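Here is the structure we will look at, set down as structure tokens.
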Amino acid sequence: MVKKFDAQPLGSKVSEEDLELINRLSLKELTADDVFVFSVILCDNDIDRDFEVFSDEALSSLQKLFIGKTGILNHSNRSEDQICRTYKTELICGDGRTTEYGAGYKYIKAWCYTVRSAKNDDLIKDIESGIKKEVSVSCNFSEKVCSICGESNCAHKAGSFYGDTLCFKYINGVTDAYEWSFVAVPAQRNAGVTKASCQKRDTHSEIQRAKAEKETSFALQYRNEMKSRAEKGFAMLFPELSSKTAESIINLCNADILSELVKCFERKTAKLFPIKSQFGENETDKNNANSQFKF
Ligand SMILES: [Zn+2]
30 MVKKFDAQPL GSKVSEEDLE LINRLSLKEL TADDVFVFSV ILCDNDIDRD FEVFSDEALS
90 SLQKLFIGKT GILNHSNRSE DQICRTYKTE LICGDGRTTE YGAGYKYIKA WCYTVRSAKN
150 DDLIKDIESG IKKEVSVSCN FSEKVCSICG ESNCAHKAGS FYGDTLCFKY INGVTDAYEW
210 SFVAVPAQRN AGVTKASCQK RDTHSEIQRA KAEKETSFAL QYRNEMKSRA EKGFAMLFPE
270 LSSKTAESII NLCNADILSE LVKCFERKTA KLFPIKSQFG ENETDKNNAN SQFKF
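The number in the numbering used here is simply the position in the sequence shown, starting from 1, with 29 added.
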């Protein structure tokens, strides 16, 4: 899961407690001067680009599993790309923010250390200057559960709207956390094991895109409805016009003109054919009471 969160350099400002945690993982005894520490946000419970969400249970497991795990570069397996180690994690919630789907926002913050050395100079500079900041986590999980029906096997499609509700999948049953990585570009999913997705901004734009698609589909439905009502109006009021001509005229109209045309036709047909009219009585009454709309 790649998130556009800044790594926060903490430099050598490491407490005695943290130094003790670091030394539990280190082979030789390290002092505050030996280490460079920083924090990263590993993952959260918001909707990602794949329309997936870590469940509360998954976040809770990941928080424990990531302690002691390495931070690497670009999900590379080369030992020289193992650049730091996670010595402390915390599941943070209750800061007042909410997710895209309205739940309280939660995220895993990790504190990491690397040893100060000539080899790590560039890395430390990159973290300090904010060049290294996008993070992706690798983990293994057993189940994805639908946000609409709660089933793990259903026909609901992640990223689609059902009514006003966006469908996404909760990730459950995390069995292992492998590592986290700084990535230059968002990583791809690996053999169904690596959970690698996207940046926060991408997530937002994906949701915007899904909403726009939904609006387009509503607009199309509305236009089709208006077209069919206009065709009825033409047939009733201008029986001498062929349906082909009526259709050509309708196709020239934009949504606003079509809507106005339909209103005019329906007022007219309601007045001329009160019994045959397929349109609501309220509409007719209202129109009759308003002389400026009468033909
Ligand atoms: Zn479902």
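The beta-carbon is built from N, C-alpha and C at its ideal position, and this holds for glycine as well.
All values derive from a computational prediction rather than experimental measurement.
Worksheet item: Does DSSP put Thr-143 in a helix, a strand or coil?
Response: Here residue 143 corresponds to residue number 114 of the sequence shown, with the count starting at 1. Strand.
Worksheet item: So, are the CB atoms of Phe-197 and Lys-243 less than 7 Å apart?
Response: Indexing the sequence shown from 1 puts residue 197 at position 168. Indexing the sequence shown from 1 puts residue 243 at position 214. Not closer than 7 Å, so no.
Worksheet item: In the DSSP assignment, what are the bridge partners of Ala-206?
Response: As a working mapping, residue 206 is identified with position 177 in the sequence shown. Paired residue(s): Cys-168.
Worksheet item: Just the Cα atoms here: how many angstroms apart are Asp-193 and Ile-177?
Response: Translated into the one-based positions of the sequence shown, residue 193 becomes position 164. Translated into the one-based positions of the sequence shown, residue 177 becomes position 148. Straight across, the Cα-Cα distance linking Asp-193 with Ile-177 is about 11 Å.
Worksheet item: Hey, how far is the Cα of Ala-212 from the Cα of Arg-107?
Response: Along the sequence shown, one-based indexing puts residue 212 at 183. Along the sequence shown, one-based indexing puts residue 107 at 78. It is Val, not Ala, that sits at residue 212 in the sequence shown. Looking at the two C-alpha atoms, the distance is approximately 15 Å.
Worksheet item: What residue from Gln-92, Thr-298, Leu-195, Gly-125 has the CA that sits closest to Phe-267's CA?
Response: Counting from 1 along the sequence shown, the entry for residue 267 is found at position 238. Of the listed residues, the one whose Cα sits closest to Phe-267 is Thr-298.
Worksheet entry | Of the residues Asn-169, Phe-67, Ser-272, Glu-180, the one placed nearest Asp-155, counting alpha carbons only | In the sequence shown, counting from the first residue as 1, residue 155 sits at position 126. Looking at the Cα atoms, Phe-67 is the closest of the given residues.
Worksheet item: When you compare each of Gly-202, Arg-252, Glu-49, Thr-60 to Ala-87 by their alpha carbons, which one comes out closest?
Response: Here residue 87 refers to the residue found at position 58 when the sequence shown is read from its first residue. Selected option, being the one with the closest Cα: Gly-202.
Item to complete: Compute the Euclidean distance between the alpha carbons of Asp-79 and Ala-187, then round it to the nearest angstrom.
Response: As a first step, residue 79 must be located in the sequence shown, where it is residue number 50. As a first step, residue 187 must be located in the sequence shown, where it is residue number 158. Approximately 8 Å, taken between the alpha carbons.
Worksheet item: Just to confirm, are Tyr-136 and Asp-73 a CB contact at a threshold of 7 Å?
Response: Locating residue 136 in the sequence shown gives position 107, where the first residue counts as 1. Locating residue 73 in the sequence shown gives position 44, where the first residue counts as 1. Taking 7 Å as the Cβ cut-off, Tyr-136 and Asp-73 qualify as a contacting pair.
Discussion item. Suppose you measure from the CA of Asp-231 to the CA of Val-82; what does that come to, to the nearest Å?
Written reply: Here residue 231 refers to the residue found at position 202 of the sequence shown. Here residue 82 refers to the residue found at position 53 of the sequence shown. Legend: pLDDT at Asp-231 = 48, less than 50; position of this residue unreliable, value from coordinates given subsequently. Approximately 14 Å between the Cα atoms of the pair.
Worksheet item: Considering only residues of the same chain and omitting the five flanking positions on each side of Ser-158, which have a CB-CB separation below 7 Å?
Response: As a working note, residue 158 is residue 129 in the sequence shown. So the list is empty, once near-sequence residues are dropped.
Discussion item. Whole angstroms are fine: how far does the CA of Thr-118 sit from the CA of Phe-95?
Written reply: The residue given as residue 95 occupies position 66 in the sequence shown. The residue given as residue 118 occupies position 89 in the sequence shown. Distance from the CA of Phe-95 to the CA of Thr-118, rounded to the nearest whole angstrom, comes to 7 Å.
Worksheet item: Nearest-angstrom Cα distance between Gln-111 and Gln-250?
Response: For the purposes of this step, residue 111 is taken as residue 82 along the sequence shown, with counting starting at 1. For the purposes of this step, residue 250 is taken as residue 221 along the sequence shown, with counting starting at 1. Near 54 Å, if we compare the C-alpha coordinates of Gln-250 and Gln-111.
Worksheet entry | Nearest to Phe-263 (by Cα), restricted to the options Leu-290, Glu-172, Glu-254 | Taking the first residue of the sequence shown as position 1, residue 263 is located at position 234. It is Leu-290 whose Cα lies nearest to the Cα of Phe-263.
Discussion item. If distances are taken between C-alpha atoms only, which option among Met-265, Ala-248, Ser-146 comes closest to Asp-63?
Written reply: On the sequence shown, position 34 is the one that residue 63 refers to. The residue with the shortest Cα to Cα distance from Asp-63 is Ser-146.
Worksheet entry | Terminal residues of the beta strand (DSSP E) in which Ser-68 lies | Here residue 68 corresponds to residue number 39 of the sequence shown, with the count starting at 1. Start and end: 64-73.
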